[in-house]
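My numbering applies: residue 4 is where the sequence shown begins, and numbers increase by one.
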Amino acid sequence: MKLKILIENTAFQTDVKAEHGFSLFVENNKDKILFDLGQTDALLHNAKLFEIELEEIEHVVLSHGHYDHTGATEAFLKANKKAKFYVKRGFDCNRFSAERYVGVPRTCQIPQERVIYIDKPTEISEGIYVMPDIDIHDTQDTHFNKFKIKEAFETHDDNFHDELYLAITKDEKLSLISGCAHRGISNIIETASKFFKLPLNLILGGFHIKNESVKKIDHLANRLNSFGIEQMCPCHCTGIESYALLKSACPAIKMQYGHVGLNYFL
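Here you go:
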């Protein structure tokens, strides 16, 4: 099984495009999956460069309804006429960070017949599951900040109940893919571990700890060290400075920062 980061905030190749966003390509035998779509049509540029044919993608999982994970949806729909979209109900609500709209682009219209709403663990390819319902085991590892949902007559806090993640079981080990982990990467790990009851291999994706305090990062590190994780690839909203602190506090975990073009093989 191959995992390849298509969109991320950083790049070390001059010919690829980086942006504030995230998209991961997963190839499992003949099945082709995208987890999130990034912010712009940079997705199309990088896919072409890496010889990934977007028209062959069969499954698109949208981790949550923010622009930096759904922004290329319209461009993708022009290139692909068959992929199913896996979301949780409410992902496309009116989302704000303070007064700034940060939700799914309002021009985005996914054909309803291509949408599958997830309300329970759902296997979309052999050993690959779309997972809803992240339990909050540790309230210190949540990242709701100034995020709000605005409805017709009220505004309320956004607790990201629509957040999805990928769980991959391979060779009796569990790997997890997060988009932003607004509900907490340690909460995702603990929820998934209780469900699958397998040793943890790879944790990849956004941890949403950019600009967090040293105290909060140390707290997260203690949680991560308790899980017996083999390797981690934080990226996107993790932030390189926070990653450096996390890496130094988790010496037993093999860790590198994600970037456009990075591959993992499971």
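Glycine is no exception: its CB is placed at the ideal position from the N, C-alpha and C atoms.
Please read these numbers as outputs of a predicted model, since none were measured by experiment.
When DSSP states are grouped into helix, strand and coil, His185 belongs to the coil group. Counted as a single uninterrupted DSSP element, the alpha helix (DSSP H) harbouring Asn225 occupies residues 217-228. Distance between Leu269 and Ser128, taken at the CA atoms: about 14 Å. In this structure, the straight-line span from the alpha carbon of Val217 to that of Leu248 is close to 8 Å. Sequence-distant Cβ neighbours of Asp161 in its own chain, meaning closer than 7 Å and more than five residues away, are Arg98, Phe147, Phe150, Lys151, Ile152. A direct Cα-Cα distance of roughly 8 Å separates Asn225 from Ala252.
Secondary-structure assignment with DSSP links Ser178 through a beta bridge to Ile171.
Between Tyr267 and Leu6, the alpha-carbon positions lie close to 5 Å from each other. Comparing alpha carbon positions, the residue from Gln112, Phe94, Ile10, Lys33 closest to Asp122 is Phe94. One alpha carbon belongs to Pro202, the other to Thr76, and they sit about 34 Å apart. Using a Cβ-Cβ distance cut-off of 8 Å, the stretch 12-21 and the stretch 42-53 are in contact, since at least three pairs of beta carbons, one from each stretch, lie closer than that value. Distance check between Glu157 and each of Cys96, Ala82, Pro124 places Cys96 closest, using alpha-carbon atoms only. Look at Thr158 here: in three-state DSSP terms it is strand. A residue is called buried once 16 or more other Cβ atoms fall within 10 Å of its Cβ, and Gly231, having fewer, is exposed. Of the residues Asp221, Ile212, Gly208, the one whose Cα lies closest to the Cα of Gln259 is Gly208. When beta bridges are read from the DSSP output, Arg103 appears opposite Ser100.
Rounded to whole angstroms, the gap between the alpha carbons of Lys84 and Ala78 is 11 Å.
Note on Lys51: under 16 other CB atoms within 10 angstroms of its CB, so exposed under the neighbour-count rule. Proximity of the stretch 56-69 to the stretch 160-174 meets the contact definition, three or more beta-carbon pairs being nearer than 8 Å. Sixteen is the threshold: when 16 or more other Cβ atoms of the shown chains lie within 10 Å of the Cβ of Gln42, as they do, the residue is buried.
One Cα belongs to Leu205, the other to His159, and the distance between them is close to 35 Å.
Secondary structure note for Lys5: its beta strand (DSSP E) is the uninterrupted segment 5-10.
The beta carbon of Asp71 sits closer than 6 Å to those of His23, Gly24, Gln42, all from its chain and outside the five residues before and after it, given in chain order. A residue is called buried when at least 16 other Cβ atoms come within 10 angstroms of its Cβ; Arg186 meets this threshold and is buried. In the assembly as shown, Lys35 is a buried residue. Its beta-carbon has 16 or more other beta-carbons within 10 Å.
Residues of the same chain with a CB within less than 7 Å of the CB of Ser189, apart from the 5 flanking positions on each side, are Asp141, Asp144, Leu223, Arg226, Leu227 in chain order. Counted as a single uninterrupted DSSP element, the alpha helix (DSSP H) harbouring Lys250 occupies residues 243-252. In the structure shown, Asn266 adopts extended strand secondary structure according to DSSP, grouped into three states.
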